[in-house]
């Protein structure tokens, strides 16, 4: 398996090329920014994006579940994209039915404001924001100065890889700061933002089936 | 014979005689004909095309007295389309002064993106007698259902500076708008105005469409153009490449010291900012006497400069192609061209900004920014003298514009599919639109793609019956109107001072690199960046002299094949010791270095220089075929080289040649090069290049925007649009994965095949190269000819011949290897 282990405040975490983290001790997959139903939102508002992106994201999640057999999945925000994406919760329900042993937990993100608790009560357990566990805080939006070790998403981080001729190409990455991990977006139909290097920051590119640290 | 006397009288009353081409045009117009008038700027072309419509109106009134005091002006009659909004108000003034002196109670108004919302609203209620507008604003006009009826009653449609629009998507947009107007007014006469082109009759046919037989009328005014070059004192100290050319600042200042008004043309907005700043630095006393003009400046600033120019109140204006066209500045005494104009026609056009009146000599002073431009000036002068002028080719059925137009028409009151198909086929661009492509476009706007299942819940245009298609909601119509327009722009950010004064626009990519406190120069003023929010960047005026100059993308012209041929000829002469003019004599020492370090190729020789640096192995191939051809050759030969040596290759191209760079060192002999340049397997190889490389992906950027997939982020856009932001890259990927047959992807491939990888042109070029004798050299240094190509790579005019996934895989693998090695050494 092409995962990269890191130690974050006493917890061993595996960074996966599929843009997720596996927390083996807790049998937990951690993801951020699925933006399920984003393409459907576009279609409903007159932009022709083909069908299939949400199904692909959920299929990828199934693969991870098959590989690691986790007991739960924590999503640190932005499970869905917009009000028009609520229909995709149906796909998530079907996914949950196919994986009855896995609990899905969610810290709400800014895009999740359209979700009513009762709509997802049977599929997803809502967590507090932040959710604290084993000394780690799970929240959606990264903090400027995090005071407790946190795991978050929101910004869809990316890093630029340099080629021999000096040109660059950006790929999704994990940002590992001393007090904070920012996950890349798990959803396939999402944008990304290049994150600059910084003192004591490590950026791990998740691309081409590997996770590698970019100096 | 039509009665032209009314206008003849008017001419003689003002002490003038109409030119023959003007009377010819009036007669043709009055006979119900359409056509194209070929006349240089300042030759009375406006009166040529307007005259017929004026006589027609005057004859209607017959002997009746024109009542000037009538309360309301006459109804909508003439639509005038201009490629640039900067031209619109001047054109309107010119027309107004004519109709007023004829005693006609006409209103003449402008409608462009510069027009205020209140004026636009008033125009929607009542159109003026003459409306001056741009192709985009015409599209917008027909997207309002209530305006459709008001367009009937139109007598004449005039397209100014048609040569500027001809080979662009904006030109196709104009064709579609014209077809709409013609469908509503079958009797309408359409007249175009064009500067000199190599293919005037084709230009006329593109304007009128296949069903109309039109006339081409030539002004035949002898216009003399002289080209003088400011010769650098010493070529040895002169830059070999670059685009600033400030070495020539002092001679330029000496020109500007002379009395009268000068236009200083530069090729990019950044370059105009730099020159403006440097001129003021050396001549601070000219503050207020010199101005800057480019497309990113706020409308008010531009208009102020234009007015001062008209009043003769300025010593000089540093400008870009924003002042290439139209605007009648008879007060301009001198024109300077900084850097290569890249085409013979463009240099003629710019020269024509001086000596604007019939019979006067147009003079342009050319300013080289690097040594090889001396050769280009010499070749361009030769082209002007021998009347070799480039052609511009019209575009063939861009589907992105078609889908945009379908939504425009749907928003503008809906359509009948058969009637609209006929209407669209009446344009030159879509004359051979197939039923399949048409059906696809209808499918695309009505349910997203070819299959219903692929696009559930999609809503844009609803088909109630085949005769009745309309926009799904008024909200979508509003969104569409915001997006109309075909000019690709990076995200545009408005630039506003902290006291709310509008300065103009910047590109998102530049703003994203700014930190608060950073200083930059805009419109010649030093500014300090404060913040950016919702597509608006706030700045404050400061007094610092430091600061970067903003970069704007796009806008670099490729050198025309005709000029490239001219350059090649000059080099061949130089090799034989013939130096025909001062430019060539001055560049001689540099050509001598070239021949010492490598060779100066003869017309029948193909020079390939190989050179090794820390970056890897470079091959410079000097084809002298112009940038567009070199781009295609770069993709093809780059791909073949990669296959041959099994190592990554990146190709860089300029007007003179191309560079192939690989990190692996490989020695190639003539046999290798012959194989790389073969026409065998050309189509197969090109298709692999197309599919593997990044060319189609890059081309898709503009297509996605025109087709309305990527919403232009603009300050006026509603907040809810933020949830609809996705890059063209993302669209490209999602279509490739889930709807690979999508015709917009197909169009991206087709455009690449027609533009960069045009097969017949590449085949011809390869055959021509095959005829040449291959000269291989291994110079120790980058030669004078190689250096500019090498320097070009920095500004990233490169092509990759590697699949994006494979490239990332290779880079990641390399990183991993490096990481493992570091690990081991610990």
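Chains as they are written, first to last, in this note's numbering: chain A, 1 to 215; chain B, 216 to 1041.
Glycine included, every Cβ here is placed at the ideal spot set by N, Cα and C.
Does residue 834 (chain B) get closer than 7 Å to chain A when you measure Cβ to Cβ? The residue labelled residue 834 (chain B) in the question sits at position 619 within the second chain. Judged by the 7 Å Cβ criterion, residue 834 (chain B) is not in contact with chain A.
Smallest Cα separation from residue 805 (chain B): which of B:588, B:623, B:862? Residue 805 (chain B) sits at position 590 when you count from the first residue of the second chain. Out of B:588, B:623, B:862, B:588 has the C-alpha closest to the C-alpha of residue 805 (chain B).
Kindly identify the DSSP beta-bridge partner or partners of residue 919 (chain B). Working through the second chain from its first residue, we reach residue 919 (chain B) at position 704. DSSP, once it has assigned bridges, lists no residue as partnering residue 919 (chain B).
Can you list the residues of chain A that residue 863 (chain B) reaches, using a CB-CB cut of under 7 Å? By 1-based counting over the second chain, the position of residue 863 (chain B) is 648. Under the 7 Å cutoff, chain A gives 164.
Take residue 786 (chain B) as the anchor and find which of B:817, B:976, B:861, B:583 has the nearest alpha-carbon. Residue numbering aside, residue 786 (chain B) sits at position 571 when the second chain is read from its first letter. With distances taken between Cα atoms, residue 786 (chain B) lies closest to B:817.
What residue range is occupied by the uninterrupted beta strand (DSSP E) comprising residue 480 (chain B)? Residue 480 (chain B) sits at position 265 when you count from the first residue of the second chain. It spans 476-480 - the beta strand (DSSP E) in which residue 480 (chain B) sits, taken as one unbroken run.
Checking 7 Å against the spacing of the C-beta atoms, do residue 153 (chain A) and residue 162 (chain A) come in under that value? Along the first chain, one-based indexing puts residue 153 (chain A) at 153. Along the first chain, one-based indexing puts residue 162 (chain A) at 162. Not in contact: residue 153 (chain A) and residue 162 (chain A) (Cβ atoms no closer than 7 Å).
Enumerated in chain order, which unbroken segments of the alpha helix (DSSP H) with a length of 4 residues or greater are wholly contained in the stretch 25-69 of chain A? 38-44, 53-68
Can you pull the chain A neighbours of residue 942 (chain B), defined as C-beta to C-beta under 8 Å? Stepping through the second chain from its first residue, residue 942 (chain B) is reached at position 727. Near residue 942 (chain B) (Cβ distances below 8 Å), the residues of chain A are 191.
Quick one: does residue 183 (chain A) have its CB under 7 Å from some CB of chain B? What you label residue 183 (chain A) is simply residue 183 of the first chain in a count that begins at 1. Closer than 7 Å: no.
I want to see whether chain A comes within less than 7 Å of residue 616 (chain B), judged by CB atoms only; does it? One-based indexing of the second chain puts residue 616 (chain B) at position 401. For residue 616 (chain B), the answer is no, since every Cβ of chain A falls outside 7 Å of its Cβ.
Is residue 675 (chain B) close to chain A, meaning its C-beta is less than 7 Å from at least one C-beta of that chain? Counted from its first residue, the second chain places residue 675 (chain B) at position 460. True, the Cβ-Cβ gap to chain A drops below 7 Å.
CA nearest to the CA of residue 249 (chain B), picked from B:854, B:429, B:467, B:357: Here residue 249 (chain B) is taken as the residue at index 34 of the second chain, counted from 1. If we check each option's Cα against that of residue 249 (chain B), B:429 comes out closest.
Flag this pair as yes or no: are the beta carbons of residue 180 (chain A) and residue 146 (chain A) separated by less than 7 Å? Within the first chain, residue 180 (chain A) is the residue found at index 180, counting from 1. Within the first chain, residue 146 (chain A) is the residue found at index 146, counting from 1. Yes.
For a test of the three-state rule: what should DSSP assign to residue 988 (chain B), helix, strand or coil? Within the second chain, residue 988 (chain B) is the residue found at index 773, counting from 1. Three-state DSSP puts residue 988 (chain B) in a strand.
Same chain, Cβ closer than 6 Å to residue 439 (chain B), neighbours up to 5 away in sequence not counted: Counting from 1 along the second chain, the entry for residue 439 (chain B) is found at position 224. Within the same chain, residue 439 (chain B) has close Cβ partners 576.
Touching by the beta-carbon criterion (3+ pairs, under 8 Å), the stretch 911-919 of chain B and the stretch 960-976 of chain B: yes
Are residue 290 (chain B) and residue 368 (chain B) close, meaning C-beta to C-beta below 7 Å? Locating residue 290 (chain B) in the second chain gives position 75, counting from the first residue. Locating residue 368 (chain B) in the second chain gives position 153, counting from the first residue. Yes, Cβ-Cβ distance for residue 290 (chain B) and residue 368 (chain B) is below 7 Å.
Just reading off the alpha helix (DSSP H) that residue 94 (chain A) is part of, what are its end residues? Locating residue 94 (chain A) in the first chain gives position 94, where the first residue counts as 1. Here the alpha helix (DSSP H) through residue 94 (chain A) covers 88-98.
Would you list the one or two residues that DSSP bridges to residue 180 (chain A)? Position 180 of the first chain, counted from the start, is the residue given in the question as residue 180 (chain A). Bridge partners of residue 180 (chain A): A:150, A:177.
Within 8 Å of chain A by C-beta, residues of the stretch 851-885 of chain B in sequence order: 863, 865, 876, 878
Using a Cβ-Cβ cut-off of 7 Å, state whether residue 627 (chain B) counts as contacting chain A. Counting from one through the second chain, the residue named residue 627 (chain B) turns up at place 412. It does not; no Cβ of chain A falls within 7 Å.
Check the Cβ of residue 945 (chain B) against every Cβ in chain E and list those closer than 7 Å, keeping chain order. Reference to chain E is not applicable here, since the protein chains of this structure are A and B.
Could you check whether residue 744 (chain B) and residue 176 (chain B) sit closer than 7 Å to each other, using their CB atoms as the reference points? There is no way to answer for residue 176 (chain B), as the model of chain B reaches only from 216 to 1041.
Does residue 949 (chain B) come within less than 7 Å of chain A when only Cβ atoms are used? What you label residue 949 (chain B) is simply residue 734 of the second chain in a count that begins at 1. Residue 949 (chain B) counts as touching chain A.
Quick check: what's the CA-CA separation for residue 1044 (chain B) versus residue 521 (chain B)? No statement about residue 1044 (chain B) is possible, as the shown extent of chain B runs from 216 to 1041 and does not include it.
Any beta-carbon of chain A closer than 7 Å to the one on residue 691 (chain B)? Position 476 of the second chain, counted from the start, is the residue given in the question as residue 691 (chain B). True, the Cβ-Cβ gap to chain A drops below 7 Å.
May I have the straight-line CA-CA distance separating residue 1013 (chain B) from residue 836 (chain B), to the nearest angstrom? To locate residue 1013 (chain B), count along the second chain from 1; it is residue 798. To locate residue 836 (chain B), count along the second chain from 1; it is residue 621. For residue 1013 (chain B) and residue 836 (chain B), the distance between alpha carbons rounds to 15 Å.
So what does DSSP say about residue 599 (chain B), is it helix, strand or coil? Numbered from its first residue, the second chain carries residue 599 (chain B) at position 384. Note: residue 599 (chain B) maps to helix in three-state DSSP.
Which residues in the same chain have their Cβ closer than 8 Å to the Cβ of residue 800 (chain B), if we skip the five residues on either side of it in sequence? Here residue 800 (chain B) corresponds to residue number 585 of the second chain, with the count starting at 1. Within the same chain, residue 800 (chain B) has close Cβ partners 794.
Between which two residues does the alpha helix (DSSP H) containing residue 224 (chain B) stretch? As a first step, residue 224 (chain B) is located in the second chain; it is residue number 9 there, counting from the start. It spans 220-228 - the alpha helix (DSSP H) in which residue 224 (chain B) sits, taken as one unbroken run.
Assigned secondary structure, residue 78 (chain A) (DSSP; H/G/I helix, E/B strand, else coil): Translated into positions along the first chain, residue 78 (chain A) becomes position 78. Residue state, collapsed to three classes: coil.
Measure the beta-carbon distance from residue 201 (chain A) to residue 171 (chain A) and round it to whole angstroms, keeping in mind my assumption that it falls under 8 Å. Counted from its first residue, the first chain places residue 201 (chain A) at position 201. Counted from its first residue, the first chain places residue 171 (chain A) at position 171. At roughly 17 Å, the Cβ-Cβ gap does not stay under 8 Å, so residue 201 (chain A) and residue 171 (chain A) are not in contact.
How would you call residue 676 (chain B), buried or exposed, if buried means at least 16 neighbouring beta carbons within 10 angstroms? For the purposes of this step, residue 676 (chain B) is taken as the residue at position 461 of the second chain. Looking at its Cβ environment, which holds 16 or more other Cβ atoms inside 10 Å, residue 676 (chain B) is buried.
What residue from B:671, B:854, B:872 has the CA that sits closest to residue 43 (chain A)'s CA? Against the first chain, residue 43 (chain A) aligns to sequence position 43. Answer by Cα proximity: B:671.
Measure from the C-beta of residue 195 (chain A) to each C-beta in chain B and report whether the shortest distance is under 7 Å. By 1-based counting over the first chain, the position of residue 195 (chain A) is 195. Not one chain B Cβ lies under 7 Å of residue 195 (chain A).
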